[in-house]
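S.K.:
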Amino acid sequence: MLLPTPSQVFRLLGSRTNLQYAFHRTLSTKPEDVQFKPLTENQFDRISEETLENLSEYFDALPEKVPISMDYDVSYSMGVLTVVLGHPGTYVINKQTPNKQIWLSSPLSGPQRYDYVQNHKWIYKRTGTSLHELLERELCAIFDQKHLGIQKLEEKSV
1 MLLPTPSQVF
11 RLLGSRTNLQ
21 YAFHRTLSTK
31 PEDVQFKPLT
41 ENQFDRISEE
51 TLENLSEYFD
61 ALPEKVPISM
71 DYDVSYSMGV
81 LTVVLGHPGT
91 YVINKQTPNK
101 QIWLSSPLSG
111 PQRYDYVQNH
121 KWIYKRTGTS
131 LHELLERELC
141 AIFDQKHLGI
151 QKLEEKSV
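Residue numbers (the UniProt record's numbering): 1 to 158.
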(Lines of atoms letter the chains of each structure in order from A and count residues from 1; the text may use other names and numbers.)
(Lines give C-alpha, C1' and ligand atoms only; values in the text may rest on other atoms or scores of the structure.)
Protein backbone atom coordinates (compact mmCIF):
# COMPACT_ATOMS: atom_id res chain seq x y z
CA MET A 1 0.00 0.00 0.00
CA LEU A 2 1.28 3.44 -0.85
CA LEU A 3 1.08 6.09 1.82
CA PRO A 4 -0.38 9.49 0.97
CA THR A 5 2.07 12.12 -0.16
CA PRO A 6 2.49 15.25 1.98
CA SER A 7 0.47 17.22 -0.55
CA GLN A 8 -2.39 14.70 -0.34
CA VAL A 9 -2.38 14.89 3.46
CA PHE A 10 -2.34 18.70 3.31
CA ARG A 11 -5.26 18.71 0.85
CA LEU A 12 -7.24 16.46 3.20
CA LEU A 13 -6.43 18.44 6.32
CA GLY A 14 -5.98 21.96 4.98
CA SER A 15 -3.11 24.09 3.86
CA ARG A 16 0.32 23.76 5.46
CA THR A 17 -0.25 27.05 7.30
CA ASN A 18 -3.56 25.80 8.67
CA LEU A 19 -2.28 22.29 9.41
CA GLN A 20 -1.29 23.22 12.96
CA TYR A 21 -4.93 24.10 13.66
CA ALA A 22 -6.12 20.73 12.32
CA PHE A 23 -3.96 19.04 14.94
CA HIS A 24 -4.66 21.48 17.78
CA ARG A 25 -6.63 20.17 20.73
CA THR A 26 -8.66 22.60 22.79
CA LEU A 27 -7.84 22.30 26.47
CA SER A 28 -9.83 23.23 29.53
CA THR A 29 -6.65 24.78 30.94
CA LYS A 30 -4.28 27.11 29.17
CA PRO A 31 -0.85 25.67 28.31
CA GLU A 32 0.76 28.15 30.70
CA ASP A 33 -1.40 26.70 33.54
CA VAL A 34 0.23 23.26 33.17
CA GLN A 35 2.60 22.44 36.02
CA PHE A 36 5.96 21.46 34.54
CA LYS A 37 8.02 19.15 36.69
CA PRO A 38 11.65 20.15 37.26
CA LEU A 39 13.87 17.12 36.68
CA THR A 40 17.41 16.35 37.70
CA GLU A 41 19.67 15.32 34.84
CA ASN A 42 19.53 11.67 36.01
CA GLN A 43 15.72 11.74 36.18
CA PHE A 44 15.55 13.32 32.73
CA ASP A 45 17.89 10.70 31.25
CA ARG A 46 15.90 7.83 32.75
CA ILE A 47 12.45 9.18 31.81
CA SER A 48 13.40 10.36 28.32
CA GLU A 49 15.19 7.08 27.52
CA GLU A 50 12.16 5.12 28.69
CA THR A 51 9.87 7.28 26.55
CA LEU A 52 12.05 6.92 23.45
CA GLU A 53 12.50 3.16 23.96
CA ASN A 54 8.71 2.71 24.29
CA LEU A 55 8.16 4.77 21.13
CA SER A 56 10.82 2.76 19.30
CA GLU A 57 9.11 -0.51 20.26
CA TYR A 58 5.76 0.93 19.18
CA PHE A 59 7.08 1.99 15.77
CA ASP A 60 8.84 -1.38 15.32
CA ALA A 61 5.46 -3.10 15.80
CA LEU A 62 3.45 -0.63 13.68
CA PRO A 63 3.67 -2.75 10.47
CA GLU A 64 1.62 -5.40 12.31
CA LYS A 65 -1.24 -2.88 12.69
CA VAL A 66 -1.34 -1.07 9.35
CA PRO A 67 -0.03 -1.57 5.81
CA ILE A 68 3.36 0.14 5.61
CA SER A 69 5.46 1.46 2.73
CA MET A 70 8.48 -0.57 1.66
CA ASP A 71 10.55 2.51 2.60
CA TYR A 72 9.50 2.20 6.26
CA ASP A 73 12.43 2.05 8.66
CA VAL A 74 12.89 2.60 12.39
CA SER A 75 16.21 3.25 14.08
CA TYR A 76 17.01 4.24 17.64
CA SER A 77 20.51 5.10 18.76
CA MET A 78 22.10 7.43 21.30
CA GLY A 79 18.86 9.22 22.19
CA VAL A 80 17.68 9.73 18.60
CA LEU A 81 14.64 7.88 17.21
CA THR A 82 14.22 8.10 13.44
CA VAL A 83 11.07 6.79 11.73
CA VAL A 84 11.16 6.83 7.93
CA LEU A 85 7.66 6.55 6.47
CA GLY A 86 8.58 7.10 2.84
CA HIS A 87 5.69 9.40 2.02
CA PRO A 88 4.86 11.74 3.75
CA GLY A 89 8.37 11.88 5.24
CA THR A 90 10.45 11.17 8.33
CA TYR A 91 9.87 11.68 12.03
CA VAL A 92 12.88 12.41 14.22
CA ILE A 93 12.38 12.34 17.98
CA ASN A 94 15.35 13.03 20.21
CA LYS A 95 16.25 14.03 23.71
CA GLN A 96 17.92 17.36 24.43
CA THR A 97 19.65 16.89 27.77
CA PRO A 98 20.82 20.52 28.25
CA ASN A 99 17.21 21.75 27.92
CA LYS A 100 15.66 18.64 29.52
CA GLN A 101 13.29 18.40 26.56
CA ILE A 102 12.28 15.92 23.90
CA TRP A 103 12.36 17.43 20.44
CA LEU A 104 10.16 16.26 17.57
CA SER A 105 10.60 16.93 13.89
CA SER A 106 7.37 15.94 12.13
CA PRO A 107 6.82 15.80 8.36
CA LEU A 108 3.30 17.16 8.97
CA SER A 109 3.52 19.68 11.79
CA GLY A 110 7.21 20.59 11.81
CA PRO A 111 9.49 21.03 14.83
CA GLN A 112 8.21 21.02 18.40
CA ARG A 113 9.86 20.90 21.83
CA TYR A 114 8.29 18.95 24.68
CA ASP A 115 8.71 19.45 28.42
CA TYR A 116 7.90 16.88 31.11
CA VAL A 117 4.87 17.51 33.33
CA GLN A 118 3.79 16.01 36.63
CA ASN A 119 1.16 13.71 35.12
CA HIS A 120 3.91 11.82 33.25
CA LYS A 121 3.43 13.47 29.87
CA TRP A 122 5.67 15.36 27.49
CA ILE A 123 3.81 18.60 26.66
CA TYR A 124 4.41 21.21 23.95
CA LYS A 125 4.04 24.50 25.86
CA ARG A 126 2.62 26.49 22.93
CA THR A 127 -0.43 24.26 22.47
CA GLY A 128 -0.64 22.12 25.60
CA THR A 129 -0.68 19.01 23.40
CA SER A 130 1.26 15.95 24.51
CA LEU A 131 3.83 14.25 22.30
CA HIS A 132 1.75 11.07 22.25
CA GLU A 133 -1.48 12.95 21.37
CA LEU A 134 0.18 14.62 18.40
CA LEU A 135 1.73 11.39 17.15
CA GLU A 136 -1.63 9.60 17.49
CA ARG A 137 -3.45 12.27 15.46
CA GLU A 138 -0.82 12.50 12.75
CA LEU A 139 -0.33 8.76 12.36
CA CYS A 140 -4.09 8.20 12.25
CA ALA A 141 -4.31 10.81 9.47
CA ILE A 142 -1.40 9.27 7.56
CA PHE A 143 -2.67 5.69 7.82
CA ASP A 144 -6.38 6.56 7.63
CA GLN A 145 -7.13 5.00 11.02
CA LYS A 146 -9.36 6.12 13.89
CA HIS A 147 -7.10 4.82 16.65
CA LEU A 148 -3.57 3.41 16.75
CA GLY A 149 -3.01 3.18 20.52
CA ILE A 150 0.12 5.29 20.82
CA GLN A 151 -1.39 7.31 23.69
CA LYS A 152 -1.39 4.17 25.83
CA LEU A 153 2.40 4.52 25.96
CA GLU A 154 1.98 7.58 28.18
CA GLU A 155 0.52 5.29 30.83
CA LYS A 156 3.71 3.19 30.74
CA SER A 157 5.93 6.17 31.52
CA VAL A 158 7.02 6.78 35.08
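All C-beta atoms, glycine included, are put in the ideal place defined by N, C-alpha and C.
Start and end of the alpha helix (DSSP H) containing Gln43?
M.R.: As a working note, residue 43 is residue 43 in the sequence shown. Glu41 to Ala61 is the extent of the alpha helix (DSSP H) around Gln43.
S.K.: So what does DSSP say about Arg137, is it helix, strand or coil?
M.R.: On the sequence shown, residue 137 is found 137 positions in, with the first residue counted as 1. Note: Arg137 maps to helix in three-state DSSP.
S.K.: My assumption, with CB atoms under 8 Å, is that Leu52 sits in contact with Tyr76. Please give the rounded CB distance.
M.R.: Taking the sequence shown and counting its residues from 1, the one referred to as residue 52 is at position 52. Taking the sequence shown and counting its residues from 1, the one referred to as residue 76 is at position 76. The Cβ separation is near 6 Å, so the contact holds.
S.K.: With a threshold of 16 other CB atoms inside 10 Å of the CB of Val80, please say whether the residue is buried or exposed.
M.R.: For this step, residue 80 is matched to residue 80 along the sequence shown. The residue in question, Val80, is exposed, as its Cβ has fewer than 16 Cβ neighbours within 10 Å.
S.K.: Where do the ends of the beta strand (DSSP E) carrying Pro111 lie?
M.R.: The sequence position of residue 111 within the sequence shown is 111, counting from 1. Taken as a continuous stretch (DSSP letters only), the beta strand (DSSP E) holding Pro111 covers Gly110 to Val117.
S.K.: May I have the straight-line CA-CA distance separating Leu139 from Ile102, to the nearest angstrom?
M.R.: On the sequence shown, residue 139 is found 139 positions in, with the first residue counted as 1. On the sequence shown, residue 102 is found 102 positions in, with the first residue counted as 1. So the two alpha carbons sit approximately 19 Å from each other.
S.K.: Identify whether Leu131 lies in helix, strand or coil by the three-state DSSP scheme.
M.R.: On the sequence shown, position 131 is the one that residue 131 refers to. Residue state, collapsed to three classes: helix.
S.K.: CB Ile47 to CB Tyr114, shorter than 8 Å?
M.R.: Your numbering for residue 47 matches position 47 in the sequence shown. Your numbering for residue 114 matches position 114 in the sequence shown. Not in contact: Ile47 and Tyr114 (Cβ atoms no closer than 8 Å).
S.K.: By a C-beta neighbour count over all protein chains shown, 10 Å radius and 16 as the cutoff for buried, is Gln112 buried or exposed?
M.R.: In the sequence shown, the residue the question calls residue 112 occupies position 112. By the neighbour-count rule (16 or more Cβ atoms within 10 Å), Gln112 is buried.
S.K.: Would you decide whether Lys95 is buried or exposed? Buried here means 16 or more other CB atoms lie within 10 Å of its CB.
M.R.: In the sequence shown, counting from the first residue as 1, residue 95 sits at position 95. Buried, by the Cβ-count rule.
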